[in-house]
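Participant: Structure incoming, see below.
Printed below as a string of structure tokens:
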């Protein structure tokens with residue numbers, strides 16, 4: 001294998017590792033919010049609508065894009081991310 005081919009292989013492996021780590025972070029975030037009942041989504045004629053904590057945060061063509069956009073938009077906002085569920089607060093909110 002030539003030096004250039006070895007560099008290309010290393011670059012591809014590093015890119016794959018970064019993509020896997022990003023995917024894992026997105027789906028951990030999604031799972032946490034799903035378990036807490038804080039994320040909702042639906043398919044409409046406009047695309048996928050995604051809401052976090054009763055606030056619409058994304059409308060995209062695909063489900064994957066919608067979840068990623070929702071995560072990106074809630075990172076800087078005052079919306080839940082990976083908080084543990086406070087059942088007393090949730091029950092009060094439902095009344």
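Residue numbers (the working numbering): 1 to 95. We treat Cβ as the ideally placed atom computed from N, Cα and C, and that holds for glycine.
Entirely within the region 21-80 and at least 4 residues each: give me those alpha helix (DSSP H) ranges in chain order.
Facilitator: Within the region 21-80, the complete alpha helix (DSSP H) runs of at least 4 residues are 63-75.
Participant: How about residue 48 and residue 66: are their beta carbons less than 9 Å apart?
Facilitator: Yes, these two residues count as a Cβ contact at 9 Å.
Participant: Taking buried to mean at least 16 other C-beta atoms within 10 Å of its own C-beta, is residue 15 buried or exposed?
Facilitator: The residue in question, residue 15, is exposed, as its Cβ has fewer than 16 Cβ neighbours within 10 Å.
Participant: Buried or exposed for residue 9, please, with buried defined as at least 16 other CB atoms from any protein chain shown within 10 angstroms of its CB.
Facilitator: Exposed.
Participant: Whole angstroms are fine: how far does the CA of residue 62 sit from the CA of residue 19?
Facilitator: Taking the straight line from one Cα to the other gives about 18 Å.
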